[in-house]
Structure formats: C-alpha cells, structure tokens
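Novice: After the structure tokens below, expect a handful of questions from me.
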Amino acid sequence: MMTRPNRAMMRELEMASEAHTEEAGLVFHPMDQFIVKPLFGDGPVGMFTITNVTLWMGITILGIFALLVLGTRRRAVIPTRTQSIGELAYGFIYKMVEDVTGKDGVKYFPYIMTLFMFIVFANFVGLLPMSFTTTSHIAVTAVMAMAVFLAVTILGFVKNGAGFLGLFWVSSAPLALRPILALIEIISYFVRPVSHSIRLAGNMMAGHAVIKVFAGFAAITAIAPLSIVAITAMYGLEVLVSFIQAYVFTILTCVYLKDALHPAH
Amino acid sequence: MEGDIVQMGAYIGAGLACMGMGGAAVGVGNVAGNYLAGALRNPSAAASQTATLFIGIAFAEALGIFSFLVALLLMFAV
Amino acid sequence: MATETHEATTHSAATDGAAAATTHDAGHAAADAAHGAADAGPGMPQLDFSTFGNQIFWLLVTLVVIYIILSRFALPRIAAVLAERQGTITNDIAAAEDLKAKAVEAEAAYNQALADARVEASNIVAAAKADIQAELDQAIAKADTEIAAKSAEGEKAIAEIRATATAAVKTVSKDVAKELITSMGATADAKTVTAAVTARMKG
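The listed protein sequences correspond, in order, to chains A, B and C. Sequence positions in the first sequence follow numbering that gives the first Met the number 0 and run 0 to 264. Sequence positions in the second sequence follow numbering that gives the first Met the number 0 and run 0 to 77. Sequence positions in the third sequence follow numbering that gives the first Met the number 0 and run 0 to 202.
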C-alpha cells in the first residue's frame, strides 16, 4: 500500500499530468522518517557525510551531557531535580550491574552505562516530532549488539580460557542429552546478537511506523479525531517502550556479561 | 505481470506474517499474567522478580517484532 | 527478484525522464526526486546499505564521546556526590545516635538526681523525726524527773507531816494518858506511860 503502488500510480498519473495532486489524498510514507539524508546539500551519503544521523546523535550527546554533567555541576548533597534524575540513572544501572553480574562485573559499569544512556536518550529524542530515531536503524543496533557479543565472547575466553566452553556443556543434564543441548546452546548463543539488535531496532521502527500510519489516516476528516486519539495512545506506549527497550538491552548485556564472567551452568 | 504476482504474493505474505504478532501478544499476556498471579500470591517476592518479568516480556515481544519485520521486509524490500 | 530490480531501474529512469520532460509541478518534482533517491536501494531505509558506513561511523564517534563524558566527568562526580551523601548520612546518623545517647544519659542523670533528692528528703524527714523524737524524749525525761522530784518532795512533805503528826499524836496520847492517870488519881510514871503509848502506837 505504501511507496510502490503509489509510485506506479504516479507514473500513470504523470502521463495524465494534472489530476495527480488530488489523488494523493491518503498517502502513507511510514518509512520516510527513517531515511538517512545529508544535512547540507543533496549529495550521496558517504561515510563521513554529516547527515541527520549526525545531528540526532549529537543531540543525544548533548542531552546526556546536560543531564549527567551540567545537572550535577553543583555537586549538591541535597540534589536538585536534574541531579536526582542523574543519580537515579546512575544508581539504577549500577545496581543492575551489581545484581546481575556480581561484584566483579562492576568494573564494566561505565561501558554498560554508556550503552544505556545512549539508547535511552536516542529513544526519547527520537520521540520528538520531526526527529530521526537513530536506534531504529539495524546498522546502529547491530553494531552495539555485535560489540557486546564480541566483547563478551573475548572476555569469556580471556577470563576462563577453555572453561568458557562449559557454558555450552550443561553438566546438570543427562549425558545423552548433553550434545543436543550443547547444539541448542551454541545456536542460541550465536542468535543472541541478532535478537539483541533486532529487538531494539524493530521496537523503535514498529512504534514510529505505526504512529505514522495513524497520522496518515488523519487526512480523512471523518476519522481524524480517532486517529489523533490513536496517535496519543501509541505515543504513550512508545514512551514506555523506549525506556523498557533500553532497560532490556542493558540488562541482557549484563546477563551476557555474567555468562562470560561465571560460565558455570 | 510477473512482477505484479510477486508483489501480490509479498503483500499476502506480509498479511500472514502479521499473525505472528498475535502470538507475541499471547506470550506477553501470559508472562505478565503469570507474574501478576505469582505476585499476588507472594507479594514480598514480587519486587525482586521485576527484572525477570521484563526480560521475559522482551523475549516474547522480540518474536512478535520479528514477524513485524518480516512483514515490513515483504512489503518494502521484496 | 531480477525482474523486480529491472523494473525499479526502468522505473527510476522513467521518472527521471518524465520529470525532465514534463516539469509540471516543481514541488512534486522535488518530492519525487527525493523519493527516488531514497528508493534507490531497497524500500526500507534500514536496509539501505549505502548509509551503513555513515551510521556506523557516527555511532562509534557518539559512543566514544559519551564514554569519555561519562568516565571522565559524569560518573566520578556522581559517585563522589553519592559517597559524600552517604558519608553525610552516616555522620548524621552517628550524630543523632550521639545525641540520643546524651539524652539517655541526661535522663539517667535526672532520674539519679530525682532518686537522690528523694533519698535526701526522706533522710531529712527521718532526721527531723529523730530530732523531734529526741527532743520529745528529752522533754519527757525532763518532765519525768521534774515530776519525780516533785512527787519525792511531796512524799517527803507527807512523811514529814506524818512524822510530825505521829509525834504530835504520841505527845498528845502521852499527855492524854498522863492526864488520864493523874485524873484517876494515880501518879503517872512518865516512863511507863511513854513505853505503853509507844507499844500501843506500834501495835
């Protein structure tokens, strides 16, 4: 229903010239918001081109800077509102890392905090109207998921040597079942980065696309109020999902890290 | 003509793929409902299991997202 | 799939041609061009591999910047603030406990003082009682002695009176007896009369 039939229609209409602007009354472009385009000019997107990705990632950085650096600049013992939000985020992730990975996982806390802050801010910033959601792109989430996956795997082998392979050998299961379980464990281990990345990107993309589809219905006067109500409801859900997905990404990172540090099943 | 048939198949497939979301909905409902049932039975242990709840919901939801992704791929990428 | 890509390329060529040839609507032509650029790859922007390098590059830059911000400035500062607050709270709790101990001490001292005062008061009462008792005793003793003295005096006086009375009676009875004897006509021997009277009086 989206671009392709519309395009085919346009092609025909271009022959018929005039009437085509009226025809485009109910047009859905739910995926247009995800297009990466250069910020200046109209050239191709090279590796170092300054694009909307750059802009919104920069805004993400500024948001984090504002919350965690400017918000805490007074170092007050009795915190201001911004400072307590920053402290809340710190305590939240610190406790998560400590609870899930144990005491020896705490030294990886800054990396996990980096991931969490980036994702949660990118998700929230992406909820602003007219914005671009960087975390809705598989390229972005896949890099983070692969980074986590590789880091955890390398760390597991460095810390435990071959003992890390014990993760796949379920010693509590009957001996006959172990090879099968090992196969399943290995598959699930290698699927981790895929599900890890697609979960985040898919959630972000899905919510934004659905909002955009509802927004497309607003063009019809009769159902416009319903559409606005639906957009509001979806937006509320998306705020929740934005946070939960960041939380889930982070806690799964912690779980994987725990596997690397304590591979015993 | 051939392209139209491919297109048609892709759209039908996208529609079918959306059924997967229903499964994810059932799964998420199951996780949350069982959590609530357990939490009401033993409220003191509920707070310690919220992380598990979210992980479970995330896993169940991810599969629905996969079906949604398949639908999107069929609609836009095939 | 092959026909699809073929169709896409012919289509974009056709659009370009159409846009160049007809130039009917400037706004639409621009939108269409943008659309054509976006649709150059697959329909989903997420699968447009030509932008992957760009996104990954900026993502890495962003993550490194965030990491530096967090590890250099934000996290140590927040950790310090939290530690300081923890310290303050611990200190405050210690101070509160100190004060509580002091309060308990003060209460104990108060109770002690109260008990002391009570003991002292009862002591004073006891002492006063003892004093009064002693005084009373003394007074009683004095009174007793005085009474005893008085009664002794009285007895002495009585005894004297009695003695004088007895003597008087003796004399009188002697005299009476002598007179009686005389009046009866006999001569009264003073010695015999006295002896007889004395014997009588004894008896």
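Note that the Cβ used here is the ideal one computed from N, Cα and C, for glycine as well. No experiment lies behind these values; they were computed from the predicted model shown.
At a cut-off of 8 Å, is B:THR51 close to the ligand FAD when judged by its beta-carbon and the heavy atoms of the ligand?
Specialist: The ligand FAD is not part of the structure shown, which contains no ligands of any sort.
Novice: Less than 9 Å separating the beta-carbons of A:MET203 and A:SER241?
Specialist: Within the first sequence, residue 203 of chain A is the residue found at index 204, counting from 1. Within the first sequence, residue 241 of chain A is the residue found at index 242, counting from 1. Yes, the Cβ-Cβ distance between A:MET203 and A:SER241 is below 9 Å.
Novice: Could you say which of A:THR132, A:MET112, A:THR113 lies nearest to A:ALA121 if we only look at CA atoms?
Specialist: Numbered from its first residue, the first sequence carries residue 121 of chain A at position 122. The candidate whose alpha carbon is nearest that of A:ALA121 is A:THR132.
Novice: Between C:ALA36 and chain A, is there a C-beta pair that is closer than 9 Å?
Specialist: Indexing the third sequence from 1 puts residue 36 of chain C at position 37. Bear in mind that the predicted position of C:ALA36 carries a pLDDT of just 40, short of 50, making it unreliable; the figure below should be weighed with that in mind. True, the Cβ-Cβ gap to chain A drops below 9 Å.
Novice: Looking at the C-beta of B:MET7, does it have a partner C-beta in chain C at a distance below 9 Å?
Specialist: By 1-based counting over the second sequence, the position of residue 7 of chain B is 8. For B:MET7, the answer is no, since every Cβ of chain C falls outside 9 Å of its Cβ.
Novice: Jot down the residue ranges of each uninterrupted beta strand (DSSP E) in the segment 193-251 of chain A, minimum 3 residues, whole runs only, in chain order.
Specialist: none
Novice: Taking A:ILE113 as the reference, give the member of A:GLU184, A:ALA146, A:VAL99 with the closest Cα.
Specialist: As a working note, residue 113 of chain A is residue 114 in the first sequence. Here residue 113 of chain A turns out to be Thr, not Ile, going by the sequence shown. Measuring C-alpha to C-alpha distances from A:THR113 to each of A:GLU184, A:ALA146, A:VAL99 identifies A:ALA146 as the nearest.
Novice: Taking 8 Å as the cut-off, does the segment 171-189 of chain A touch the segment 87-103 of chain A (at least 3 CB pairs, one atom from each stretch)?
Specialist: no
Novice: Counting C-beta neighbours from all protein chains within 10 Å, is the total for C:ALA73 16 or more, i.e. buried, or is it exposed?
Specialist: In the third sequence, counting from the first residue as 1, residue 73 of chain C sits at position 74. C:ALA73 comes out buried.
Novice: For B:PHE53, does the count of other Cβ atoms within 10 angstroms reach 16, so buried, or fall short, so exposed?
Specialist: On the second sequence, residue 53 of chain B is found 54 positions in, with the first residue counted as 1. By the neighbour-count rule (16 or more Cβ atoms within 10 Å), B:PHE53 is buried.
Novice: Along chain C, in chain order, which residues have C-beta atoms closer than 8 Å to that of A:PHE167?
Specialist: Against the first sequence, residue 167 of chain A aligns to sequence position 168. In chain order: nothing, as chain C lies at least about 30 Å away.
Novice: For a contact meaning CB atoms closer than 8 Å, what does A:ALA270 contact in chain C?
Specialist: Only positions 0 to 264 of chain A appear in this structure, which leaves residue 270 of chain A out of reach.
Novice: Can you name the start and end residues of the alpha helix (DSSP H) that C:LYS155 belongs to?
Specialist: Against the third sequence, residue 155 of chain C aligns to sequence position 156. Note, C:LYS155: alpha helix (DSSP H), 74-182.
Novice: Rank A:ILE210, A:LEU256, A:PHE248 by C-alpha distance to the C-alpha of A:VAL157 and give the top, closest one.
Specialist: Locating residue 157 of chain A in the first sequence gives position 158, where the first residue counts as 1. Nearest of A:ILE210, A:LEU256, A:PHE248 to A:VAL157, Cα basis: A:LEU256.
Novice: Check whether chain B comes within 9 Å of A:GLY317, counting only Cβ atoms and requiring the distance to be less than that.
Specialist: Because chain A in this structure spans residues 0 to 264, residue 317 of chain A falls outside the shown range and cannot be described.
Novice: Is B:MET20 close to chain C? Criterion is C-beta to C-beta, closer than 9 Å.
Specialist: Reading the second sequence from its first residue, position 21 is the one you call residue 20 of chain B. No, B:MET20 does not count as interfacial toward chain C.
Novice: What does the Cβ neighbour count give for C:LYS149, buried or exposed, with the cut at 16 atoms within 10 Å?
Specialist: Taking the third sequence and counting its residues from 1, one reaches residue 149 of chain C at position 150. Per the 10 Å Cβ criterion, exposed.
Novice: Are the C-beta of B:LEU52 and some C-beta of chain C separated by less than 9 Å?
Specialist: Numbered from 1 along the second sequence, position 53 holds the residue referred to as residue 52 of chain B. Chain C contact via Cβ: absent.
Novice: C:GLY184 to C:ILE146, Cα distance in whole Å?
Specialist: Within the third sequence, the letter at position 185 stands for residue 184 of chain C. Within the third sequence, the letter at position 147 stands for residue 146 of chain C. Approximately 55 Å between the Cα atoms of the pair.
Novice: Quick one: Cα of A:ALA205 to Cα of A:MET95, how far?
Specialist: Within the first sequence, the letter at position 206 stands for residue 205 of chain A. Within the first sequence, the letter at position 96 stands for residue 95 of chain A. If you take the alpha carbons of A:ALA205 and A:MET95, they lie about 27 Å apart.
Novice: Roughly how far, in whole angstroms, is the beta-carbon of A:PHE27 from the beta-carbon of A:GLY215, given that I think they are within contact range, below 8 Å?
Specialist: Position 28 of the first sequence, counted from the first residue, corresponds to residue 27 of chain A. Position 216 of the first sequence, counted from the first residue, corresponds to residue 215 of chain A. At roughly 4 Å, the Cβ-Cβ gap stays under 8 Å, so A:PHE27 and A:GLY215 are in contact.
Novice: Residues of the segment 30-60 of chain B in Cβ contact with chain A at a cutoff of 7 Å, in chain order, please.
Specialist: Correct list: ALA50, PHE53, ILE54, ALA57.
Novice: For B:THR49, which three-state DSSP category applies?
Specialist: By one-based count along the second sequence, residue 49 of chain B stands at place 50. Note: B:THR49 maps to helix in three-state DSSP.
Novice: Buried or exposed for C:THR50, please, with buried defined as at least 16 other CB atoms from any protein chain shown within 10 angstroms of its CB.
Specialist: In the third sequence, counting from the first residue as 1, residue 50 of chain C sits at position 51. Per the 10 Å Cβ criterion, buried.
Novice: Mind checking whether A:PHE117 and C:LEU46 have CB atoms under 9 Å apart?
Specialist: One-based indexing of the first sequence puts residue 117 of chain A at position 118. One-based indexing of the third sequence puts residue 46 of chain C at position 47. For A:PHE117 and C:LEU46, no; Cβs fall outside 9 Å.
Novice: Which partner residues does A:THR50 have in the DSSP bridge list?
Specialist: Looking up residue 50 of chain A in the first sequence gives position 51. Beta-bridge pairing links A:THR50 to A:PRO37.
Novice: Please name the residue in A:SER194, A:SER196, A:HIS195, A:VAL169 whose C-alpha comes closest to that of A:GLU184.
Specialist: Along the first sequence, one-based indexing puts residue 184 of chain A at 185. Considering only alpha carbons, the answer is A:VAL169.
Novice: Are A:SER196 and A:ALA144 closer than 9 Å when you measure CB to CB?
Specialist: Reading the first sequence from its first residue, position 197 is the one you call residue 196 of chain A. Reading the first sequence from its first residue, position 145 is the one you call residue 144 of chain A. For A:SER196 and A:ALA144, yes; Cβs fall inside 9 Å.
Novice: Measuring alpha carbon to alpha carbon, tell me which residue in A:THR220, A:PRO192, A:TYR89, A:LEU69 is nearest A:VAL139.
Specialist: In the first sequence, counting from the first residue as 1, residue 139 of chain A sits at position 140. The shortest Cα separation from A:VAL139 among A:THR220, A:PRO192, A:TYR89, A:LEU69 belongs to A:PRO192.
Novice: Less than 9 Å separating the beta-carbons of B:ALA23 and B:ALA70?
Specialist: Position 24 of the second sequence holds residue 23 of chain B. Position 71 of the second sequence holds residue 70 of chain B. No, these two residues do not count as a Cβ contact at 9 Å.
Novice: Tell me, to the nearest whole angstrom, how far the beta carbon of A:GLY85 is from that of A:LEU67; I am working on the premise that it is less than 8 Å.
Specialist: Translated into the one-based positions of the first sequence, residue 85 of chain A becomes position 86. Translated into the one-based positions of the first sequence, residue 67 of chain A becomes position 68. Right, the Cβ-Cβ distance comes to about 5 Å (below 8 Å), so this counts as a contact.
Novice: With a cut-off of 8 Å on the beta carbons, I'd call B:ALA59 and B:VAL30 a contact; round off their distance for me.
Specialist: Locating residue 59 of chain B in the second sequence gives position 60, where the first residue counts as 1. Locating residue 30 of chain B in the second sequence gives position 31, where the first residue counts as 1. The pair is a contact, with the Cβ atoms about 6 Å apart (cut-off 8 Å).
Novice: Looking at the structure shown, is A:PRO178 part of a helix, part of a strand, or coil, going by DSSP?
Specialist: One-based indexing of the first sequence puts residue 178 of chain A at position 179. Residue state, collapsed to three classes: helix.
Novice: With a threshold of 9 Å between beta-carbons, can C:GLY86 be considered close to chain B, or not?
Specialist: Locating residue 86 of chain C in the third sequence gives position 87, counting from the first residue. C:GLY86 does not count as touching chain B.
Novice: In this structure, how does DSSP classify A:ALA23 when only helix, strand and coil are distinguished?
Specialist: Taking the first sequence and counting its residues from 1, one reaches residue 23 of chain A at position 24. Because A:ALA23 sits at a pLDDT of 47, beneath the cut-off of 50, its placement in the model cannot be relied upon, and the following sentence gives the value as read from the coordinates. It is coil, neither helix nor strand.
Novice: Buried or exposed for A:ASP258, going by 16 or more other Cβ atoms inside 10 Å?
Specialist: Along the first sequence, read from residue 1 onward, the residue named residue 258 of chain A stands at position 259. Result: buried.
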